[in-house]
Amino acid sequence: MEKIKEKKGKLQIEIDIITVVIFAVILIFTTNSYSHETMDAYLQSKNEMFDRDLENISTIISQELIGTSWFWTYAKEHAQDMTRALTEEEEAFSKSEETTGALLAFLAGERSDFETCGPELQFLLGRTGFQLLAMDTDYLVRKFHYADISLMDFLSDSEAYLYIRCNTDEPDALAEEAMDDFTAVSYAECFTSMDYSASEHTAVQEILSAGLAPGKTAYELWKDPKDGRHYIIGYTPIAYGGEVSCYARIRYDYTAFISELTRKIVETVLWSLAILAVLNGVLLLLIHKRAIQPLTRVKNSILTYMADKDSGKVRQAMNSIRCGNEIGVLADSFSALSREIDRHTEEILRLGKEKERIETELALAGSIQESAIPNIFPAFPDRPEFDLYASMDPAKEVGGDFYDFFMVDEDHLALVIADVSGKGVPAALFMMSSKILLNDHTLMGGTPAEILERVNRQVYATNHAHMFVTVWLGILEISTGKLTTASAGHEYPMLNLNGKYEMLKDKHGLAIGAMKKSKYVNTEITLKKGDSIFVYTDGVAEATNADDQLFGTDRTLEALNAIPAGASQQEILAQVRHAVDAFVKEAPQFDDLTMLGLKYIGPEDTAGKQAKE
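Add 314 to a position in the sequence shown, counting from 1, and you land on the number used in the numbering used here.
#1: Could you tell me the distance, in whole angstroms, from the CA atom of Phe437 to the CA atom of Glu557?
#2: Just mark Lys821 as buried or exposed, buried being the case when its beta carbon has 16 or more other beta carbons within 10 Å.
#3: By a C-beta neighbour count over all protein chains shown, 10 Å radius and 16 as the cutoff for buried, is Ile564 buried or exposed?
#4: Compare the C-alpha of Arg869 against each of Pro878, Val854 and Ala512 and name the closest.
#5: Per DSSP, which one or two residues make a beta bridge with Ala728?
#6: If you check the beta carbons only, do Ala802 and Leu824 fall under 9 angstroms apart?
#7: Within 10 Å of its beta-carbon, does Phe385 have 16 or more other beta-carbons around it, so buried, or fewer, so exposed?
#8: Which class does Met745 belong to by DSSP, given the choice of helix, strand or coil?
#9: If distances are taken between C-alpha atoms only, which option among Asp538, Ala419 and Leu907 comes closest to Lys710?
#10: Can you give me the Cβ contacts of His726 inside the same chain, cut-off strictly under 8 angstroms, excluding the 5 residues immediately before and after it?
#11: Please classify Gly760 as buried or exposed, where buried requires at least 16 other C-beta atoms within 10 Å of its C-beta.
#12: Give me the Cβ distance between Asp330 and Leu593, rounded to the nearest whole Å; I'm assuming they're in contact under 8 angstroms.
#13: Report yes if the C-beta distance between Ala393 and Cys504 is below 9 angstroms; otherwise report no.
#14: Please look up how many angstroms separate the CB atoms of Tyr568 and His544, rounded, as I've assumed it's under 8 angstroms.
#15: Taking the alpha-carbon of Phe343 as reference, which of Ile579, Leu600 and Glu856 has the nearest alpha-carbon?
#16: Do you know whose CA, among Val890, Ala779, Leu526 and Thr756, lies nearest Thr798's CA?
#17: Out of Val785, Met508 and Leu341, state which residue places its alpha-carbon closest to the alpha-carbon of Ser586.
#18: Give the secondary structure of Met466 by DSSP, where H, G and I count as helix, E and B as strand, and everything else as coil.
#19: Starting from His892, follow the alpha helix (DSSP H) in both directions and report where the run begins and ends.
#20: Taking Ile943 as the reference, give the member of Ile731, Glu362, Asn875 and Asp452 with the closest Cα.
#21: Rounded to whole angstroms, what's the CA-CA distance from Ala389 to Tyr475? Just pull it up for me.
#22: Please state the DSSP three-state secondary structure of Glu816.
#23: Specify whether the segment 698-708 and the segment 904-918 touch according to this definition: at least 3 beta carbon pairs, one from each stretch, less than 8 angstroms apart.
#24: Hey, out of Ala742, Glu514 and Glu668, whose CA is closest to Lys540's CA?
#25: Helix, strand or coil: how does DSSP classify Val592 here?
#26: At the level of alpha carbons, what is the spacing between Tyr533 and Tyr561?
#27: For Asn481, which residues does DSSP report across the bridge?
#28: When the cut-off is 9 angstroms and only beta carbons count, does Met808 lie next to chain D?
#29: Taking only the alpha-carbon atoms, compute the straight-line gap between Thr931 and Thr401 and give it to the nearest angstrom.
#30: Nearest to Gln884 by CA position, among Asp862, Thr867 and Lys913, is which residue?
#31: Taking the alpha-carbon of Asp723 as reference, which of Glu424, Asn753, Val334 and Arg456 has the nearest alpha-carbon?
#32: Pull up the distance between the alpha-carbon of Asn836 and that of Ala732, whole angstroms please.
#33: For the alpha helix (DSSP H) holding Gly827, just list the boundary residues, first then last.
#34: Exposed or buried, which one is Asn770 when buried takes at least 16 other CB atoms within 10 Å?
#35: For the beta strand (DSSP E) that Leu797 lies in, which residues bound it at each end?
#36: Let me make sure I understand the geometry here. Which of Pro917, Asn346 and Thr867 has the alpha-carbon closest to that of Thr582?
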């Protein structure tokens, strides 16, 4: 037996890998779930904050002077005037009592006739509205700690108009300067058109495609490609009289939160890895003690048993394994298996010897059977009136087919071919007894039909095994060429009477041994010089190839007619066998294959004999 290569520690490594993979999957799943849950909760809280703050921004802006529709149009048309310094005339006009009263009336909501005011007053109202807008926006961005607050409108997918934007990176100028110092807001971006890529902002795409109703908020998560910071952005419309004038946008920087979340995740992973290492070590130690060591003993016992086949050592080693789990069951099973293997080995050795004895006896039986069948050719060297040849190839050591030929008297030649049901030794024994009976009754005289009837009665009387044999029996009158035949359920013979083989469909009776009383019919054929007959068993016609196709009688006739004229009967049978083998190829032979051929040459005339002498 081939030596098994020992692979040390492979199971331990596999278990180690599996446990690490399992813990890693659990760790990844847990970390991912924690990350998503934390992010979802954070975004939910920020969305609620955005809803509240955007509502406050909308309310504050709507309550100021800029809470009128004229302001946005006027401020956009006079953008340059909103932040420039006042002239002396404008300064004096703004401080007059009439102008101050008008400004206070507009601020208090007592007046709204902006369109009827003169250019100087419209200018001061616009400037005042812009200052209030700047102060409110600056106040809101610092109160709510946003990255920036903008008031803007979207002109197209690529352009936006910015009314004002304040952010926490700029100085708190408005809180320090006086209200009338218009240069205090010069730091803020305001009243300018700017390039704006709507494709980068999902909320803007929503606003541009379907609009946004007053009181609604659109959100998006955005990563600035310039500095890589993460932002939550919310948009809400500022409307007056149901018409949207612009959009308030607030942007919250949550990069710090992402950094903190990442740090927490890293800490969790590190702690989990430490716990994993400890648990994995404990688990592997337990597995080594409870599984690897006992399995190693089982393996070593198997290798030892394969080397010396000593089941006693195996039982001793297996008894030392004290495990109440499946490994203990395995050890007990292998101990029992070693004893069973020993028993089977002894049985196999005994059966081997018995088989060897049977094979020897079968070989001897095959030899006896072969010697019981005439197999020396030419069979009758002193009889030139005919050419005779036969062959038998059993499928097993002994067969159930047989052929026979013998001289009944000086002018009559008996020809027999038969096929016993079944295979092996029973068929061979039945074949031997049938051959003897056919030989004896033929020598006793009578036609082939009479002979078959007598043999059938005798076989049936002692046929306790219910076997049967198909028989074709022919008696040739050598001097005249008359051939009388009878068939007990055998294959149709093939005759060559005019230079071509054809099947002779003679009348059949039942196989010998099938019924107590069976009748058979004689068929007479007159053979001329050069005519021949070919008889065979079903092993020829029923030879089967790998595709379960039968050789058949048609192919048998083709093989016979393909043989050149003048060939001997030995050559004819060899060519038929070659055709069968070529058809069957590598498929096994399932049935005995027996053939017999005779060519009638006829007696020489007296004149011819004297001429030769």
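Ideal Cβ placement from N, Cα and C applies to all residues, glycine included.
Fair warning: this is a prediction, and the values are worked out from it, not measured in the lab.
Result, derived from the coordinates:
#1: Counting from 1 along the sequence shown, the entry for residue 437 is found at position 123. Counting from 1 along the sequence shown, the entry for residue 557 is found at position 243. Rounded to whole angstroms, Phe437 to Glu557 spans 24 angstroms at the Cα level.
#2: Walking along the sequence shown from the start, residue 821 turns up at place 507. Per the 10 Å Cβ criterion, exposed.
#3: Here residue 564 refers to the residue found at position 250 of the sequence shown. The residue in question, Ile564, is buried, as its Cβ has 16 or more Cβ neighbours within 10 Å.
#4: Looking up residue 869 in the sequence shown gives position 555. Arg869 has its Cα closest to that of Val854, out of Pro878, Val854 and Ala512.
#5: Position 414 of the sequence shown holds residue 728. In the DSSP output, where bridge partners are listed per residue, Ala728 has Phe720 and Ile789.
#6: Within the sequence shown, numbered from 1, the residue matching residue 802 stands at position 488. Within the sequence shown, numbered from 1, the residue matching residue 824 stands at position 510. In this structure, Leu824 lies closer than 9 angstroms to Ala802 by Cβ.
#7: As a first step, residue 385 is located in the sequence shown; it is residue number 71 there, counting from the start. When all chains shown are included, Phe385 counts as buried.
#8: To locate residue 745, count along the sequence shown from 1; it is residue 431. Met745 falls in the helix class under three-state DSSP.
#9: For the purposes of this step, residue 710 is taken as the residue at position 396 of the sequence shown. Of the candidates Asp538, Ala419 and Leu907, the one whose C-alpha sits nearest the C-alpha of Lys710 is Leu907.
#10: Here the question's residue 726 lines up with position 412 in the sequence shown. Beyond the five residues adjoining it in sequence on each side, His726 comes within less than 8 angstroms, by CB distance, of Ile789, Leu790, Glu791 and Ile792 in the same chain, given in chain order.
#11: For the purposes of this step, residue 760 is taken as residue 446 along the sequence shown, with counting starting at 1. Looking at its Cβ environment, which holds fewer than 16 other Cβ atoms inside 10 Å, Gly760 is exposed.
#12: As a first step, residue 330 is located in the sequence shown; it is residue number 16 there, counting from the start. As a first step, residue 593 is located in the sequence shown; it is residue number 279 there, counting from the start. The Cβ separation is near 12 angstroms, so there is no contact.
#13: The residue labelled residue 393 in the question sits at position 79 within the sequence shown. The residue labelled residue 504 in the question sits at position 190 within the sequence shown. Yes, the pair counts as a contact, with Cβ atoms nearer than the cut-off.
#14: Within the sequence shown, residue 568 is the residue found at index 254, counting from 1. Within the sequence shown, residue 544 is the residue found at index 230, counting from 1. Contact flag correct, Cβ pair sits at about 5 angstroms.
#15: The residue labelled residue 343 in the question sits at position 29 within the sequence shown. For the residues Ile579, Leu600 and Glu856, the minimum Cα distance to Phe343 belongs to Ile579.
#16: Within the sequence shown, residue 798 is the residue found at index 484, counting from 1. Nearest of Val890, Ala779, Leu526 and Thr756 to Thr798, Cα basis: Thr756.
#17: In the sequence shown, residue 586 corresponds to position 272, counting from 1. Of Val785, Met508 and Leu341, the residue nearest in Cα terms is Leu341.
#18: Start at 1 with the first residue of the sequence shown, and residue 466 comes out as number 152. It is a strand residue.
#19: The residue you call residue 892 lines up with position 578 of the sequence shown. Note, His892: alpha helix (DSSP H), Gln883 to Val898.
#20: The question about residue 943 has no answer here: the residues shown for the chain are numbered 315 through 927.
#21: Numbered from 1 along the sequence shown, position 75 holds the residue referred to as residue 389. Numbered from 1 along the sequence shown, position 161 holds the residue referred to as residue 475. Their backbone Cα atoms lie some 12 angstroms apart in a straight line.
#22: Residue 816 sits at position 502 when you count from the first residue of the sequence shown. Three-state result, Glu816: strand.
#23: yes
#24: Start at 1 with the first residue of the sequence shown, and residue 540 comes out as number 226. If we check each option's Cα against that of Lys540, Glu514 comes out closest.
#25: Counting from one through the sequence shown, the residue named residue 592 turns up at place 278. Looking at Val592 - three-state DSSP - the assignment turns out to be helix.
#26: By 1-based counting over the sequence shown, the position of residue 533 is 219. By 1-based counting over the sequence shown, the position of residue 561 is 247. Between Tyr533 and Tyr561, the C-alpha separation is close to 13 angstroms.
#27: The sequence position of residue 481 within the sequence shown is 167, counting from 1. Bridge partners of Asn481 according to DSSP: Asp462.
#28: In the displayed structure, chain D is absent; only one protein chain is listed.
#29: The chain is shown from 315 up to 927; residue 931 falls before or after that span and cannot be answered.
#30: The count along the sequence shown starts at 1 and reaches residue 884 at position 570. The candidate whose alpha carbon is nearest that of Gln884 is Lys913.
#31: Position 409 of the sequence shown holds residue 723. Asp723 has its Cα closest to that of Asn753, out of Glu424, Asn753, Val334 and Arg456.
#32: Residue numbering aside, residue 836 sits at position 522 when the sequence shown is read from its first letter. Residue numbering aside, residue 732 sits at position 418 when the sequence shown is read from its first letter. Roughly 17 angstroms between the two C-alpha positions.
#33: Stepping through the sequence shown from its first residue, residue 827 is reached at position 513. Element bounds for Gly827: n/a, residue is neither H nor E.
#34: The residue given as residue 770 occupies position 456 in the sequence shown. Looking at its Cβ environment, which holds 16 or more other Cβ atoms inside 10 Å, Asn770 is buried.
#35: Taking the first residue of the sequence shown as position 1, residue 797 is located at position 483. In the DSSP assignment, Leu797 falls within the beta strand (DSSP E) that extends over Lys796 to Ala802.
#36: Start at 1 with the first residue of the sequence shown, and residue 582 comes out as number 268. Checked all of Pro917, Asn346 and Thr867; the closest Cα to Thr582 is Asn346.
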